[in-house]
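Peer 1: The structure's right below; bear with me while I get my questions together.
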Amino acid sequence: MNTLDHLLKPTSVAVIGASTKELRAGNIVMKNLLLGGFEGAIMPVTPKYPSVCGVLAYKTVDALPITPDIAILCTNASRSVELVTELSSKGISTVIILSSDMAQVNSNNVSIEEQCLEIAKKANMRILGPNSLGVILPWLNFNASFSPVSALKGKIAFISQSAAVCTTILDWANDKNIGFSAFFSLGNALDIDFAELLDRLSMDSHTEAILLYVDTIKDARRFMSAARAASRNRRILVLKGGRTTGGRKAAQRHTGGSDTLDIIYDSAIRRTGMLRVNNTHELFAAVETLTHSVPLRGERLAIITNGGGPAIMAVDALLERGGKLAKLDDETIEKLSTLLPPSWSHNNPIDLVGDAGPNRYVATLNTLLDSNLADAILIMHSPSSVSPSEQTAQDIVDAIKAHPRHKQFNILTNWSGELTAKPARLVFTQAGIPTYRTPESAVVAFMHLVEYRRNQKQLMETPTSSEPVHVVELNQAKEWIGRKLSESNSVILDTHQIGKFLKYFNFNVLPTWIASDAIEAVHVAEQIGYPVAVKLRSPDIVHKSDVHGVMLNLRNSVEVANAAQAILDRTKLSYPAANIHGLLVQGMGKLAGGEEIRIKVKTDRTFGPVILIGQGGSEWDESIDAAAALPPLNMTLARYLIVRAIKSGKIRPQKLPEPMDIKGLSEFLVRLSQMVVDCPQVQELDIHPLLANGTEFTVLDADLTLKKYEGNAHERLAIRPYPVEMEESLVLKDHTKILLRPILPEDEPLHAEFINNVSKEDLYKRFFTDVGEFNHEALANFTQIDYDREMAFVAVSNADGNASIIGVSRALINHQNSDAEFAILIRSDLKGNGLGKVLLAKIIEYCRDKGTTQISGMTMPTNRGMLTLAQKLGFEVDVQFSDGTADMVLKLN
Numbered sequence: 001m002n003t004l005d006h007l008l009k010p011t012s013v014a015v016i017g018a019s020t021k022e023l024r025a026g027n028i029v030m031k032n033l034l035l036g037g038f039e040g041a042i043m044p045v046t047p048k049y050p051s052v053c054g055v056l057a058y059k060t061v062d063a064l065p066i067t068p069d070i071a072i073l074c075t076n077a078s079r080s081v082e083l084v085t086e087l088s089s090k091g092i093s094t095v096i097i098l099s100s101d102m103a104q105v106n107s108n109n110v111s112i113e114e115q116c117l118e119i120a121k122k123a124n125m126r127i128l129g130p131n132s133l134g135v136i137l138p139w140l141n142f143n144a145s146f147s148p149v150s151a152l153k154g155k156i157a158f159i160s161q162s163a164a165v166c167t168t169i170l171d172w173a174n175d176k177n178i179g180f181s182a183f184f185s186l187g188n189a190l191d192i193d194f195a196e197l198l199d200r201l202s203m204d205s206h207t208e209a210i211l212l213y214v215d216t217i218k219d220a221r222r223f224m225s226a227a228r229a230a231s232r233n234r235r236i237l238v239l240k241g242g243r244t245t246g247g248r249k250a251a252q253r254h255t256g257g258s259d260t261l262d263i264i265y266d267s268a269i270r271r272t273g274m275l276r277v278n279n280t281h282e283l284f285a286a287v288e289t290l291t292h293s294v295p296l297r298g299e300r301l302a303i304i305t306n307g308g309g310p311a312i313m314a315v316d317a318l319l320e321r322g323g324k325l326a327k328l329d330d331e332t333i334e335k336l337s338t339l340l341p342p343s344w345s346h347n348n349p350i351d352l353v354g355d356a357g358p359n360r361y362v363a364t365l366n367t368l369l370d371s372n373l374a375d376a377i378l379i380m381h382s383p384s385s386v387s388p389s390e391q392t393a394q395d396i397v398d399a400i401k402a403h404p405r406h407k408q409f410n411i412l413t414n415w416s417g418e419l420t421a422k423p424a425r426l427v428f429t430q431a432g433i434p435t436y437r438t439p440e441s442a443v444v445a446f447m448h449l450v451e452y453r454r455n456q457k458q459l460m461e462t463p464t465s466s467e468p469v470h471v472v473e474l475n476q477a478k479e480w481i482g483r484k485l486s487e488s489n490s491v492i493l494d495t496h497q498i499g500k501f502l503k504y505f506n507f508n509v510l511p512t513w514i515a516s517d518a519i520e521a522v523h524v525a526e527q528i529g530y531p532v533a534v535k536l537r538s539p540d541i542v543h544k545s546d547v548h549g550v551m552l553n554l555r556n557s558v559e560v561a562n563a564a565q566a567i568l569d570r571t572k573l574s575y576p577a578a579n580i581h582g583l584l585v586q587g588m589g590k591l592a593g594g595e596e597i598r599i600k601v602k603t604d605r606t607f608g609p610v611i612l613i614g615q616g617g618s619e620w621d622e623s624i625d626a627a628a629a630l631p632p633l634n635m636t637l638a639r640y641l642i643v644r645a646i647k648s649g650k651i652r653p654q655k656l657p658e659p660m661d662i663k664g665l666s667e668f669l670v671r672l673s674q675m676v677v678d679c680p681q682v683q684e685l686d687i688h689p690l691l692a693n694g695t696e697f698t699v700l701d702a703d704l705t706l707k708k709y710e711g712n713a714h715e716r717l718a719i720r721p722y723p724v725e726m727e728e729s730l731v732l733k734d735h736t737k738i739l740l741r742p743i744l745p746e747d748e749p750l751h752a753e754f755i756n757n758v759s760k761e762d763l764y765k766r767f768f769t770d771v772g773e774f775n776h777e778a779l780a781n782f783t784q785i786d787y788d789r790e791m792a793f794v795a796v797s798n799a800d801g802n803a804s805i806i807g808v809s810r811a812l813i814n815h816q817n818s819d820a821e822f823a824i825l826i827r828s829d830l831k832g833n834g835l836g837k838v839l840l841a842k843i844i845e846y847c848r849d850k851g852t853t854q855i856s857g858m859t860m861p862t863n864r865g866m867l868t869l870a871q872k873l874g875f876e877v878d879v880q881f882s883d884g885t886a887d888m889v890l891k892l893n
């Protein structure tokens, strides 16, 4: 697959279907290219005109004097197959297709876009679109788009599946004087998609932040990997369309894709460390903030205002979103009291009173900038006859620029109103200070920074370990599944049938028996002991409550007999055609003082298995009443899922003598995650409900759908789980026994201890610089890796009874899988026992199995041990004494 170099750094472009007619795509694209000032070759292709927009035209693609980097198809969809064939023969590397009507099929039921993609793949040609607006690269003066609006130069990249969103953002940004580093309209994303562009833009020197407008994602694994890698280098915001059922269907019609619940997208966005905004209004506010903001050092917001009402609205918006108001200390209150009238608020928000002029604003602002009470400052202004709007704004801008500490704070402004406020907002815009029309929009923008900071913090948090399911029990669970699917491709099982399976994963299940009629139900109840519950058993009735099919707290044989018969009679009356498989009889769980939680595993067509959690109930709508998470889960991720469900009201904890134990529920979810990861036949598991009594969690009712699965179980997951199959036990030359395994996020403390046992000289050889103590963020980057595109193997020794890391080898693979950069580090006191060879051989084997083209590394010419080892294993070594480097390359595939 060719790279995107020609798309991102074009030197020539051909416009296929160039036109002299106004409002035709071929005319608008030509004008945009010429007006943009692109210095490369612009070649119109059309048999109709000798020239277009004053540029000599060529009758056919074959007649082009050079092979352009990019060809833009401005023609009708019916000509696309023919033209893509001609472009591929010419050797053109990238084609942008504007046409939207390429879903038409031929006599063989193959669509135009499928035919074009097949031709392009054979010719190693890339396609942007169809239904694309084109590309704008402001730093290259390259506007190869159908857009009526161009883009200014800036530091934000924008990638969108919607052309209309593109033009809306551009128009607004130009009014705000906000520029872009790149603008890509993906359209239907037939070939080039979000993942590749994220990989490239996250390394682009002109790009500091990336905005995405997403309808649907097609390759979840690639998107998640690329987004997580990019979000560590750049701030990424996502506007996702299709939050409702109707919106999802509209998104499917617009760009294809599957009907994935919005809560699943929400979970995926959080998991990658990106930030989601909910609408275009929030996106505009976020762009304004991102363009001018510095990274938040904390979350405390101070508010300066000349009006109490707007400040109250700002506080409401802040606290409703989980924000924090800064607290004024006595010293600051005393100082402000000398600057402000006696009637000032003496609290945060700092109400300067309605007659506040520019001097009062500046004095208060300087007081806050001198202190460490806040991390961000919101300056608010309502129209006032004694405080000229524009002059006040200019004085504040001058004061901010003059203060030596202003770069330590995020400063936002809200100048309310229109006629008098607009010139003031322009003053702030020109000074690079974010400004907003309303108190709420200013607070929303600030909270975007806060939420982004929180997402990044979660991404770096070190998880704690949970007790894994034992391999023996896991194998027994797999054998159980095999027996159930021995005679059918899929089966649906209820609580009575799956109790044994759930117990393999250490889940506590309320014992359940089957009764065929009321008489047998009484007999079972006598054996169990009262009180009992009796429930309908029917595969045709999804909600037992529809026929009052659950009767609880039955205390004697008469109550059981009456309840059982009533359930059967009601079912026959309401659903005469339903299959009735008898009744379930259970001992009563300890409902008093307990919390009922619904947990569901479902398989999404895009993201694979997903875990949902909520309060449950007969009216449960998973798209509204649940929070979602993508497996694999560790304890930290499980806890975040539960906390998010509680904060968003999906779980509403009761005030109980023994409240639900979040740690215990987290452990339950982690074991459930392991089931999902290791048992691909689990298509759906609905636990309704799970009874939580303090630290006890009991499955009262559950339905399991199993389906035969062929292929790699991990391929169906959006996030590659820990590759347990790569673990290997070895004995070194000095008879030290080690476990060679992939690194885990939980390894952070061991990794820190390991680095402390490496000499400064060895660290210098590894990092090419003097390194001090590694902080948490650096260690998290080492230990929390994406197994889909990166690998680190640790050699773990238990020589003294305590686990310790004694060596690490790494491979960072580029997104094209053409090169893996490797590095090795060994504890300085344990050299000479063959560990280096073991670690390097392991990383070579990994890259070869992954199909990586080559593995390469760099060291110093003085590192003779590393160079000798590399040569022994077949590396080509190139020593550059003048640069003080030695390159090592091994061709693999």
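Using this note's numbering, the first residue of the sequence shown is number 1, and each one after it goes up by one. Where is the CB? At the ideal position from N, CA and C, for every residue including glycine.
#1: Just to confirm, is the Cβ distance from LEU730 to VAL838 under 8 angstroms?
#2: Please return the same chain residues whose Cβ sits closer than 6 angstroms to the Cβ of ALA226, not counting the five positions on each side in sequence.
#3: Taking buried to mean at least 16 other C-beta atoms within 10 Å of its own C-beta, is ALA356 buried or exposed?
#4: In whole angstroms, what is the alpha-carbon distance linking ASP770 and GLN456?
#5: Closest to GLY614 by C-alpha separation, out of ALA870, HIS688, PRO631, would be which residue?
#6: Looking at C-alpha atoms only, which residue of ALA629, VAL682, ILE646, LYS650 is the closest neighbour of LEU669?
#7: Between which two residues does the alpha helix (DSSP H) harbouring TYR265 extend?
#8: Can you list, in chain order, the residues of its chain with a C-beta nearer than 7 angstroms to that of GLN681? Leave out the 5 residues immediately preceding and following it.
#9: Give me, in chain order, the residues of the same chain whose beta-carbon lies closer than 6 angstroms to that of THR305; leave out the 5 immediate sequence neighbours on both sides.
#10: For TRP415, does the three-state DSSP call read helix, strand or coil?
#11: Whole alpha helix (DSSP H) runs in the segment 286-374 with 4 or more residues, listed along the chain?
#12: Using CA atoms only, rank isn't needed, just tell me which of ASN863, TYR452, VAL699 is closest to LYS503.
#13: Just tell me which of ASP171, GLU520, GLY241, ILE236 has its CA closest to the CA of LYS155.
#14: For ASP546, tell me which candidate among VAL397, ARG555, ARG570 has the shortest Cα-Cα distance.
#15: When the Cα atoms are used, what is the spatial distance from ALA803 to ALA71?
#16: Under three-state DSSP, which class holds ARG741?
#17: Under 8 angstroms between the Cβ atoms of SER145 and VAL287?
#18: Check whether the Cβ atoms of ALA18 and VAL45 sit closer than 8 angstroms, and answer yes or no.
#19: DSSP on ASN27, reduced to helix/strand/coil?
#20: Could you please give the first and the last residue of the uninterrupted beta strand (DSSP E) stretch that includes ARG235?
#21: Please say whether ASP316 and ALA373 have beta carbons closer to each other than 8 angstroms?
#22: Start and end of the alpha helix (DSSP H) containing SER618?
#23: So, at 6 angstroms on beta carbons, what are the nonlocal neighbours of LEU739 in its own chain, with the 5 sequence-adjacent residues on each side left out?
#24: Relative to the C-alpha of ALA230, which residue among PRO423, TRP513, ALA157 is closest?
#25: Across which residues does DSSP place PRO47 in a beta bridge pair?
#26: If I follow the unbroken beta strand (DSSP E) through TRP513, where does it start and stop?
#27: Below 6 angstroms CB to CB, which residues in the same chain sit around ALA811 once its five sequence neighbours on both sides are set aside?
#28: Hey, would you say LEU336 sits closer than 8 angstroms to THR364, going by beta carbons?
#29: Looking at the structure shown, is GLY857 part of a helix, part of a strand, or coil, going by DSSP?
#30: Could you check whether ALA563 and VAL534 sit closer than 8 angstroms to each other, using their CB atoms as the reference points?
#31: Please determine if the segment 712-727 and the segment 783-790 are in contact, where contact requires at least 3 C-beta pairs separated by less than 8 angstroms.
#32: Work out the CA separation of ALA752 and MET675 for me, nearest whole Å.
#33: State the Cα-Cα distance for the pair VAL95 and VAL15, rounded to the nearest angstrom.
#34: From the DSSP output, in three-state form, read off SER132 for me.
#35: Where does TYR977 sit, in a helix, a strand or coil, going by DSSP?
#36: My output table needs one value for PRO609: the three-state DSSP class, helix, strand or coil.
Peer 2: Answer, in terms of the structure:
#1: The residue given as residue 730 occupies position 730 in the sequence shown. The residue given as residue 838 occupies position 838 in the sequence shown. Yes.
#2: Counting from 1 along the sequence shown, the entry for residue 226 is found at position 226. Correct list, in chain order: ALA195, LEU198, ASP199.
#3: Here residue 356 refers to the residue found at position 356 of the sequence shown. So ALA356 ends up on the buried side.
#4: Walking along the sequence shown from the start, residue 770 turns up at place 770. Walking along the sequence shown from the start, residue 456 turns up at place 456. If I take the Cα positions, the gap works out to 27 angstroms.
#5: Locating residue 614 in the sequence shown gives position 614, counting from the first residue. The candidate whose alpha carbon is nearest that of GLY614 is HIS688.
#6: Within the sequence shown, numbered from 1, the residue matching residue 669 stands at position 669. Per the Cα distances, ALA629.
#7: Numbered from 1 along the sequence shown, position 265 holds the residue referred to as residue 265. Its alpha helix (DSSP H) spans residues 262-271.
#8: Here residue 681 refers to the residue found at position 681 when the sequence shown is read from its first residue. Taken in chain order, the residues that qualify are ILE481, LEU485, LEU706, LYS707, LYS708, TYR709.
#9: Against the sequence shown, residue 305 aligns to sequence position 305. If we look at THR305 and ignore the five residues flanking it on each side, its Cβ neighbours are ALA311, PRO349, ASP351, MET380.
#10: If you number the sequence shown from 1, residue 415 lands on position 415. Strand at TRP415.
#11: 308-320, 330-339, 358-370
#12: Numbered from 1 along the sequence shown, position 503 holds the residue referred to as residue 503. It is VAL699 whose Cα lies nearest to the Cα of LYS503.
#13: Taking the first residue of the sequence shown as position 1, residue 155 is located at position 155. With distances taken between Cα atoms, LYS155 lies closest to ILE236.
#14: Looking up residue 546 in the sequence shown gives position 546. Ranking the options by Cα distance to ASP546, first place goes to ARG570.
#15: Stepping through the sequence shown from its first residue, residue 803 is reached at position 803. Stepping through the sequence shown from its first residue, residue 71 is reached at position 71. Going from the Cα of ALA803 to the Cα of ALA71 covers about 58 angstroms.
#16: Here residue 741 is taken as the residue at index 741 of the sequence shown, counted from 1. Strand at ARG741.
#17: Along the sequence shown, read from residue 1 onward, the residue named residue 145 stands at position 145. Along the sequence shown, read from residue 1 onward, the residue named residue 287 stands at position 287. The answer is no: Cβ separation not under 8 angstroms.
#18: Within the sequence shown, the letter at position 18 stands for residue 18. Within the sequence shown, the letter at position 45 stands for residue 45. In this structure, VAL45 lies closer than 8 angstroms to ALA18 by Cβ.
#19: By 1-based counting over the sequence shown, the position of residue 27 is 27. Here ASN27 sits in helix by DSSP.
#20: For the purposes of this step, residue 235 is identified with residue 235 of the sequence shown, where counting begins at 1. 235-240 is the extent of the beta strand (DSSP E) around ARG235.
#21: Position 373 of the sequence shown, counted from the start, is the residue given in the question as residue 373. Position 316 of the sequence shown, counted from the start, is the residue given in the question as residue 316. Looking at the sequence provided, one finds Leu at residue 373 rather than Ala. No, these two residues do not count as a Cβ contact at 8 angstroms.
#22: Your numbering for residue 618 matches position 618 in the sequence shown. Element bounds for SER618: n/a, residue is neither H nor E.
#23: Residue 739 sits at position 739 when you count from the first residue of the sequence shown. Cβ within range, chain order: SER729, VAL796.
#24: Stepping through the sequence shown from its first residue, residue 230 is reached at position 230. Nearest of PRO423, TRP513, ALA157 to ALA230, Cα basis: ALA157.
#25: Against the sequence shown, residue 47 aligns to sequence position 47. When DSSP reads this structure, PRO47 sits in no beta bridge, so it has no partner.
#26: Indexing the sequence shown from 1 puts residue 513 at position 513. Where TRP513 is concerned, the enclosing beta strand (DSSP E) stretches over 512-515.
#27: Mapped onto the sequence shown, residue 811 falls at position 811. MET791, ALA820, PHE822, ILE843, CYS847, listed in sequence order.
#28: Sequence index remark: in the sequence shown, residue 336 carries index 336 (1-based). Sequence index remark: in the sequence shown, residue 364 carries index 364 (1-based). The answer is yes: Cβ separation under 8 angstroms.
#29: Residue numbering aside, residue 857 sits at position 857 when the sequence shown is read from its first letter. GLY857 falls in the strand class under three-state DSSP.
#30: For this step, residue 534 is matched to residue 534 along the sequence shown. For this step, residue 563 is matched to residue 563 along the sequence shown. Result yes, Cβ atoms of VAL534 and ALA563 sit closer than 8 angstroms.
#31: yes
#32: Within the sequence shown, residue 675 is the residue found at index 675, counting from 1. Within the sequence shown, residue 752 is the residue found at index 752, counting from 1. Each residue's CA atom was taken as its position, placing MET675 and ALA752 some 31 angstroms apart.
#33: Indexing the sequence shown from 1 puts residue 95 at position 95. Indexing the sequence shown from 1 puts residue 15 at position 15. Looking at the two C-alpha atoms, the distance is approximately 10 angstroms.
#34: Locating residue 132 in the sequence shown gives position 132, counting from the first residue. It is coil, neither helix nor strand.
#35: Residue coverage of the chain in this structure runs from 1 to 893, which leaves residue 977 outside it and unanswerable.
#36: Counting from 1 along the sequence shown, the entry for residue 609 is found at position 609. In the structure shown, PRO609 sits in a strand (DSSP, three-state: E or B).
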